[in-house]
Structure formats: C-alpha cells, structure tokens
Amino acid sequence: MTMSDDTRLAMQGTIEALTAGDGSEPVVVNLGPQHPSTHGVFRLKVTLDGEIVQDAEMRIGYLHRSMEKLAEERSYTQNIPFTDRIDYLAAMSNNLAYCLAAEELLGVEVPPRAQAIRVMFAELQRVASHAMANGTFINDCGAWHTPLFHMFRDRERVLDMFEMTCGARLTTNYMRIGGVAFDLPDQLLPTLEQFLADMPENIANYEALLLENEILHARARGVGVISPEMAINSSLSGPVLRATGVPWDLRKANPYCGYESYEFDVPVGEQGDCFDRFLVRMTEVKQSLRILRQVVDTLPDGPYLADVPLHARPEPGESYARVESPRGELGFYLVSDGGPAPYRFHCRPPSLINLSALKEMSIGGTLADAIVTLGSIDIVVGEIDR
Amino acid sequence: MTTQYDATAAMEIVNASAPGAACVDEGVLYLEPDTLADSIRTLRDSDQSDLVFLSNLTAVDHELHFELVYHLQSLDLNHILQVKARISDREDPALPSLTGVYHGAHLQEREVFDLFGIRFEGHPDLRRMFLWDGFPGYPLRKDFLQMPGQVRAGLPGFPHESEENAWPVPGSVPQRPLHPNDPQPEGEIVVAEESEDPS
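Those sequence lines, one after another, are chains A and B.
According to numbering that gives the first Met the number 0, the first sequence is numbered sequentially starting from 0.
According to numbering that gives the first Met the number 0, the second sequence is numbered sequentially starting from 0.
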C-alpha cells in the first residue's frame with residue numbers, strides 16, 4: 000500500500016465519521032445528461048451520503064436512434080454506414096465486425112490483401128481510440144486537457160491516414176462485404192512509416208509524464224476495483240476485463256482476418272482498478288504498433304475486394320461474428336430469411352455491457368472516484384444507445 | 000480458435016439434472032422456457048461445458064413466436080454455444096431471468112424488455128431502458144407500426160430482380176397522413192408576398 004492509498008483511506012474514514020449517525024439524509028445528484036465527465040449524453044444518478052456513493056443508477060437512451068430497426072429495411076451493403084455511427088470513435092472496428100458477420104452469412108472468402116488492410120486499419124483505429132480513451136481518462140482525473148491534447152496529436156495523424164484512404168475521418172464506411180472499398184493510396188505507406196517511427200518516442204514521453212505521476216496514482220490506484228470472477232460474471236470485456244488479469248482477447252482466442260500470423264502479446268493488469276485499465280490501454284497501443292509493423296512488412300499484393308454482388312441475398316440462416324474492438328468484445332448477430340435485408344440485426348455493444356458492473360465499482364467510493372471509474376470504462380454513448 | 004460446443008453434449012448435461020429440459024433440433028440447442036435459468040446454471044457450473052461468460056443475449060421476432068438467443072462462452076476451454084428458447088405467447092411473453100446466473104444479463108434483458116416487450120421474471124429492475132415509460136408498443140416486434148394498407152415495413156426486394164419486387168410506383172401505396180414538419184403539397188404553401196419597398 001502506497002502512501003497515497005493511506006491518505007485516501009484516512010480521508011474516507013474522516014468523511015464517514017463526519018456523516019455517520021448525525022441524522023443527515025442522502026443527497027441525489029444527477030451527473031449529466033450534459034456533463035463533461037460523461038463523454039456524451041449519459042446520465043448517472045448517484046445517491047450520496049456526504050461524499051460517499053451509496054447508489055448509482057444510470058439513465059440512458061438519449062442517443063437512441065433505433066438502428067436495429069432501421070437496418071431491417073436496408074440491404075446488407077446499405078447497412079455498413081450505420082455501423083460507423085454505432086461507435087463513432089472506432090468506426091473501422093464496427094465496419095469490420097459487421098462485414099465479418101455478413102460474410103459468414105453469404106459465404107464470402109476475403110482476399111489476403113484485403114485481410115491485411117483490415118488488420119492495418121483496425122489497429123490504427125485502436126491507437127486512435129485508446130489515445131482518446133486515455134486522454135479523456137486523464138482529463139477526468141484532473142489533468143486538465145494537457146495530456147489529452149498530446150494524445151490527440153497521434154489521433155490526428157491516424158485520422159489523416161483514414162482521410163487519405165477513404166475520404167472520411169470519423170464515420171469511415173471503409174470496409175465492404177468481401178474486402179475494403181478502396182486500395183491503399185500511394186502516400187499512405189510512407190505516412191504510416193513515419194508514424195511508426197515517431198510513436199515510440201511519443202509513448203515514452205507519455206509514460207515518463209504519467210506512469211510515475213503521484214497525482215494519477217492517488218486518483219486511480221485502488222479506485223473502481225473489480226475482481227476477475229465478478230468481471231467474467233458481468234460479461235465485461237476488453238481492457239476492463241484484461242485489467243483484472245484475465246488474458247481474454249478475441250484476436251488471440253478466435254483469430255479473424257489473419258491475426259494468428261502476427262506476433263503480439265496480450266497485456267493484463269493485476270488489481271483490476273482504474274490505473275490498470277489505463278495501463279492496459281497504454282500497453283495495447285505498443286502492441287498495436289508492433290502488429291502494424293508486421294502488417295506493413297508482409298503486406299501481400301492482389302485484389303482488395305472479392306467479387307460480391309452489391310445486391311446480395313443470403314440463404315436463410317444466422318451468423319454471430321465478434322471482433323476485439325478497442326472497447327471490448329463487439330459482436331454482430333444477423334438473421335436472414337432469404338430476403339434482401341437482414342431479418343434481424345443485433346449489435347452486441349461492449350460499451351453498454353461494460354457498464355453492467357458500474358454500480359458495484361462505484362458504491363463505497365467518493366463521488367470523484369465514481370467519475371474516474373466511469374472514465375476508465377471508456378464508454379461511447381452512440382454504442383450504448385444505438 | 001474458438002470452437003462450437005456440441006449441442007448434443009450440452010443437451011445431455013442439462014437433461015441429466017432436469018430430464019426433458021433440453022432438446023436439439025438441426026444442431027441447435029433449445030431449452031424449455033420454464034426451466035431456462037436452471038438449465039443455463041447447470042451448463043455454467045458443469046466442468047465439461049464451463050460456459051462462464053454470457054457473450055450475447057437477444058431476441059428475434061418470428062411473428063408466430065419469439066426466439067430468445069443466448070451465446071455462452073467458455074474462456075478456459077475456448078468454445079461457444081448458442082442456446083435458444085421459444086415463447087409463443089404474444090400478449091404477455093415471459094420467461095425466467097438470467098440475472099441470478101450472469102450479472103451481465105442485467106442490461107441486456109432490460110434492452111430486450113424495452114424493445115420486444117418480453118418480461119423476465121425475477122429481474123430486479125425491469126424497466127424500459129432506451130425509450131420512455133409509456134412509449135406505445137415495442138419497436139423491434141415485426142408488427143410494430145404497420146404501414147397503412149397493410150404494407151409491411153421492410154425492403155421488398157431489389158429493383159432489378161422482378162416486377163413484383165420492384166419499388167412501388169409513387170402513388171400506389173396509400174400515403175400516411177402528413178406530419179406538420181413534412182414538406183406540404185404544392186399549391187397550399189402560403190408564400191409571403193413581397194412587401195413593398197418602404198422607401
């Protein structure tokens with residue numbers, strides 16, 4: 000136990016002693032729907048006893064766009080742009096998961112070059128998304144915007160690469176059923192080489208700034224702790240699950256798009272607290288860069304899109320495809336009745352399901368800790384509400 | 000690589016503790032809705048199946064019945080099993096909640112309740128999640144918001160395929176009443192007359 004932990008516990012003890020048995024009533028505080036810590040329109044209703052959270056209840060739905068219903072009226076190809084809007088910070092991963100599910104339904108074989116390009120963009124998206132997640136998490140911890148904008152420099156360069164490849168920065172709509180929409184432009188690989196050359200120094204800078212930072216340790220160590228058993232039982236996935244020490248990564252457990260041919264490690268945490276989640280994301284960025292290096296070195300030639308009819312009618316059946324998105328296990332469950340549009344289109348949203356244990360993580364901590372915990376889960380409200 | 004867990008093996012595990020609670024049809028495991036939670040608890044706790052992780056929980060409206068679809072995953076043995084349950088009551092569909100087995104079922108069951116109107120008995124906090132209380136109907140049901148003239152919502156077909164699949168000719172489908180925000184028909188739009196130059 001570090002000195003900062005001692006200090007924090009002593010403070011909690013003081014607060015509890017001050018508020019116990021004095022006849023005071025709990026106070027209900029609404030965080031959100033418009034609140035800087037909620038990363039979108041998300042409302043957390045906390046019941047406070049002094050500074051201690053007694054109950055936390057989330058109210059969601061402010062961004063519900065009924066995508067699952069809309070998708071039942073559009074063809075399989077027309078649904079790809081919807082998946083961008085589900086998780087707008089990891090559009091490539093969402094495109095990929097949906098296309099994998101549709102390909103399973105249609106029985107499409109994806110060319111090797113398309114698979115390598117998909118891995119390249121999924122990992123670039125992970126770098127960009129983790130930059131956002133870690134930056135806003137540090138923001139929630141109180142480091143007002145300086146680390147965030149350092150990390151945004153990296154994210155900006157990734158988005159520039161997206162723009163030069165598919166013309167869009169956030170809602171990319173780049174993957175297609177059977178491959179990707181466009182081949183790589185000539186200037187992409189030199190830009191990516193430069194990015195890969197610059198990133199190790201940037202990450203070393205972040206680590207020097209943040210990993211030994213006493214304020215960050217005081218704010219995030221031992222906060223929002225969850226045990227591995229509870230995390231598995233609550234269906235948590237992604238960095239939130241791996242921070243508890245469970246090495247569950249779908250890129251290893253169920254490789255797709257040729258992930259089995261790349262060497263990378265699955266970073267895990269030890270204590271399952273907010274700091275471990277932050278650390279897992281930092282380490283994952285390094286592993287993503289490692290994968291990107293191998294993809295660039297072994298990029299095969301050939302077609303980038305299989306010959307799939309734009310108006311495809313799959314046989315009746317169903318498919319469930321999952322990818323490891325930056326936020327966790329992202330799945331698409333499609334049911335076909337032989338028609339031109341999916342009979343049922345369901346997204347398994349990691350952001351929503353990772354909130355399953357938010358109440359358990361927050362209760363007993365202070366209100367400020369609850370905000371740090373929420374930031375460490377890395378939610379995207381578009382994906383929660385869909 | 001994640002393998003598919005054999006549905007017949009899973010059926011034997013369930014039926015060993017509760018005979019008749021599971022059956023296999025075309026390679027898919029169907030569970031009796033009444034004993035669903037107990038059957039899935041058996042599958043979770045058995046060492047052979049070890050399905051400790053609820054990956055996905057959703058429902059499909061097949062018009063004659065609702066189908067609940069569960070994807071259960073074993074992290075140590077790395078296999079996945081798809082489990083289904085059918086309920087045919089459309090007026091008040093209900094089945095046992097899985098919240099006692101998997102804490103992660105909490106939000107996913109609320110979502111199914113919100114969008115399909117399927118009640119989960121034993122759920123501690125079954126309220127609408129995305130839509131507000133009092134929202135009329137359950138949007139992901141196939142009979143939600145019938146188009147006028149019994150035209151089913153959905154994509155009828157691709158225009159090039161055949162005449163009967165072609166897009167409806169404008170005017171052939173009865174129009175829904177105009178909303179005040181819709182563009183109004185021409186001729187009724189009141190255009191403000193240009194005022195004379197005040198100078």
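C-beta: ideal position from N, C-alpha, C; glycine also.
What you are looking at is a predicted structure, and each value in this text was computed from that prediction instead of being measured.
- In the DSSP annotation of this structure, residue 1(B) is not part of any beta strand (DSSP E), being labelled neither H nor E.
- Bounds of the alpha helix (DSSP H) holding residue 275(A) are 273–296.
- By the Cβ-count criterion, residue 143(A) is exposed, with fewer than 16 other Cβ atoms from all chains shown falling within 10 Å of its own Cβ.
- Closer than 8 Å to the CB of residue 0(B) there is at least one CB belonging to chain A.
- Looking at the DSSP output, residue 344(A) sits in a beta bridge with 333(A).
- With fewer than 16 other Cβ atoms from the protein chains shown falling within 10 Å of its own Cβ, residue 0(B) counts as exposed.
- When secondary structure is reduced to three states using DSSP, residue 381(A) falls in the helix class.
- Residue pairing of residue 95(B) in beta bridges, as defined by DSSP: 120(B).
- Across the segment 132–158 of chain A, no CB contact with chain B closer than 7 Å is found for any residue.
- When Cβ pairs closer than 8 Å are counted between the two stretches, the segment 68–82 of chain B is seen not to touch the segment 111–118 of chain B, the count staying below three.
- For residue 120(B), same chain residues with a beta-carbon under 8 Å away, outside a window of 5 residues either side, are 93, 94, 95 and 96 in chain order.
- In this structure, the beta-carbon distance from residue 333(A) to residue 321(A) does not fall below 8 Å.
- By the criterion of a C-beta distance shorter than 7 Å, residue 99(B) is surrounded in its chain by 36 and 121, once the five residues flanking it on both sides are discounted.
- The DSSP-derived three-state label of residue 22(B) is strand.
- Nearest in C-alpha terms to residue 75(A), of all of 337(A), 381(A), 228(A) and 371(A), is 337(A).
- DSSP places residue 368(A) inside the alpha helix (DSSP H), whose first and last residues are 366–376.
- In the structure shown, the three-state DSSP call for residue 78(B) is strand.
- With a cutoff of 8 Å on beta-carbon distance, residue 141(B) and residue 62(B) are scored as near each other.
- When CB distances to chain B are screened at a threshold of 7 Å, the residues of the segment 249–262 of chain A falling below it are 252, 253 and 254, in chain order.
- Contact note: residue 334(A) reaches chain B through 59, using a C-beta cutoff of 8 Å and chain order.
- If you look at residue 316(A), you'll find it in the beta strand (DSSP E) that goes 316–324.
- With respect to chain A, the C-beta atom of residue 128(B) has a partner C-beta closer than 8 Å.
- Within chain A, the residues whose beta carbon sits less than 7 Å from that of residue 52(B) are 231 and 234, listed in sequence order.
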